[in-house]
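All remarks here apply to the structure that follows.
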Amino acid sequence: MVGCLVIKGNYYYAKFRVNGKQKMLATKVSVKGNNKRKAEKAMKDLIAKYEGLNLENENVLFTAFLDKWLQKIKPILKPSTWESYDKTVSGKIKPYFEPKNLRFREMKPEIFTEYFVYLATEGKSNGKGGLSYKTVKNIRGVLSSVYEYAIENNYVKDNPVQKSRMPSFAHNLKTDVPEYNAEQVRKLLLYAKENDSHIYIFLLLALYTGLRKGELLALTWDDVDYDKKMLRVNKSRTGSRKAITTQITTPKTESSNRKIPLNDTVIEALKAEKKRQAEYAEMLGNGYDRNSNFIIRTVLGKPYVNLSAINRVVNRLTKKAELPHCTIHGFRHSVASILDDNGVPIQDISVLLGHESVKTTESIYVKRRKTAKAETIDTLDSAINFNIA
């Protein structure tokens with residue numbers, strides 16, 4: 063690609079062609095003085111910036127490019143992943159950028175930095191305060207994915223999101239996920255069993271396997287191998303929209319496809335649950351849903367289509383059991399912490415939870431103790447063997 067310098071007013075302009083289209087861009091170099099060599103270098107830099115680029119989206123509004131991106135990636139993503147991107151774009155990104163009418167080519171790192179500051183200070187939908195560090199980081203990740211797609215397709219050469227800055231979140235950089243200790247888990251399971259709760263089997267599986275909610279709700283009866291006392295985890299149900307939650311997808315990662323041993327307590331509970339469902343089906347007749355093979359169901363045999371519905375059932379039960387609030391994801395944290403407290407190797411915990419990396423288990427699910435164990439100091443003392451007496 064070649065170009066030439068032209069003079070307009072008091073400045074040099076670079077004139078060149080990209081994809082058959084003529085470009086005339088200011089070099090910002092004054093014609094006054096001996097600046098032609100400087101202008102030639104500026105022209106080369108401009109040509110290098112545009113060389114090889116596809117300019118079909120150059121004048122498209124940034125928000126319109128977001129819509130295009132969503133449609134292009136939809137066929138290659140899990141439905142639940144695409145849904146999360148779509149909700150972030152429509153709920154958090156477009157409401158901020160639409161009134162600004164910024165074009166795709168105008169987006170610079172400082173624009174995104176200003177946006178992240180806005181999210182951190184007044185980004186809540188109700189206008190009362192800012193979003194958490196994790197939420198803003200996730201939104202930043204979505205925007206970065208937009209530009210990775212743009213780079214792959216030669217619409218841009220750089221990712222301005224990666225060059226942007228995140229604001230300070232000293233007050234809420236990380237919050238602990240509520241979790242239960244072994245005694246609280248025992249209390250919850252006992253309460254659910256004694257009160258014949260229909261989600262007893264859900265709680266038992268969650269707290270004896272550490273499965274994700276989507277994995278639990280996707281379990282079917284043919285996933286249980288009673289002879290080998292094994293549970294196959296090979297699918298998931300996630301998302302919030304009905305059209306998406308009814309779809310069965312693969313687990314979150316390759317490592318999430320796994321087998322989990324079951325003890326006699328869980329095996330017997332599964333047998334009792336299958337018998338209970340058969341009895342309900344006979345008793346309710348056409349009022350019981352026989353169209354699915356899911357282990358976790360409502361009292362009428364229906365699968366949980368609205369995945370947040372089971373959250374409300376769990377919350378009511380934990381409140382009646384006089385236990386502090388703990389989310390279903392918190393149960394997963396509970397499993398990891400209880401195992402860690404009882405000396406189970408981190409590698410084994412990682413396999414159980416279906417993580418791709420032990421580092422994930424260490425950084426997210428196993429609490430970092432802020433107080434050293436007394437046994438640690440005793441071990442150090444024994445090794446040094448120092449006695450002042």
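Position in the sequence shown (first residue = 1) + 62 = the working numbering.
In this text, a Cβ means the ideal position worked out from N, Cα and C, and glycines have one as well.
Keep in mind that this is a model prediction, so the values were computed, not measured.
Status (buried if at least 16 other CB within 10 Å, exposed otherwise) for residue i
i    : result
I69  : exposed
Q133 : exposed
T423 : buried
H417 : buried
I138 : exposed
R378 : exposed
V198 : buried
N72  : exposed
V223 : buried
A268 : buried
L252 : exposed
G65  : buried
A88  : exposed
S318 : buried
E344 : exposed
T183 : exposed
V406 : exposed
Y177 : buried
A512 : Residue 512 lies beyond the residue range present for the chain, which begins at 63 and ends at 451; the question has no answer from this structure.
T312 : exposed
E335 : buried
A371 : exposed
T441 : exposed
M86  : exposed
Distance between residue j and residue i (C-alpha atoms, nearest Å)
i    : j    : result
G153 : D285 : 37 Å
Q339 : N221 : 54 Å
I310 : C388 : 26 Å
K333 : A126 : 54 Å
F393 : E277 : 13 Å
A244 : I358 : 23 Å
K225 : P171 : 6 Å
Y342 : P141 : 33 Å
E241 : S259 : 21 Å
S187 : L181 : 10 Å
L273 : R167 : 44 Å
A331 : Y270 : 12 Å
W131 : T327 : 49 Å
Y112 : A101 : 17 Å
A445 : K190 : 55 Å
S206 : K106 : 28 Å
N121 : R165 : 6 Å
L415 : Q84  : 56 Å
D148 : K162 : 20 Å
L362 : N116 : 56 Å
F264 : E214 : 43 Å
I426 : I400 : 14 Å
S146 : Y195 : 18 Å
I411 : P323 : 13 Å
V375 : K364 : 15 Å
Y262 : R294 : 20 Å
L235 : D402 : Residue confidence for L235 is low, a pLDDT of 49 falling below 50, so the modelled location carries little weight and cannot support an answer.
K94  : F78  : 23 Å
I201 : N373 : 24 Å
Host alpha helix (DSSP H) of residue i (start-end)
i    : result
R374 : A371 to K382
M345 : D326 to L346
V68  : Note, V68: premise wrong, no alpha helix (DSSP H); beta strand (DSSP E) at G65 to K70.
L293 : From DSSP, L293 is part of no alpha helix (DSSP H) but of the beta strand (DSSP E) over M292 to V295.
L250 : A244 to E256
T271 : Y262 to T271
K275 : K275 to A280
I390 : I390 to D403
S412 : I408 to L415
Bounding residues of the beta strand (DSSP E) (the contiguous stretch that carries residue i)
i    : result
M86  : K83 to S92
K321 : R320 to P323
Cβ-Cβ distance between residue i and residue j below 7 Å
i    : j    : result
L123 : V151 : no
K136 : W144 : yes
K321 : M292 : yes
H395 : V247 : no
L193 : G185 : yes
I408 : K275 : no
L266 : A383 : no
T282 : N355 : yes
N119 : Y209 : no
V91  : Y74  : yes
R227 : T175 : yes
Residue i beta carbon near the ligand GDP (any heavy atom closer than 6 Å)
i   : result
K90 : In the structure shown, the ligand GDP is absent, as is every other ligand, since no ligand is present at all.
- prompt: Which ranges would you report for the alpha helix (DSSP H) in the stretch 116-196 if only whole runs of at least 4 residues count?
  reply: 124-135, 141-150, 156-159 and 171-184
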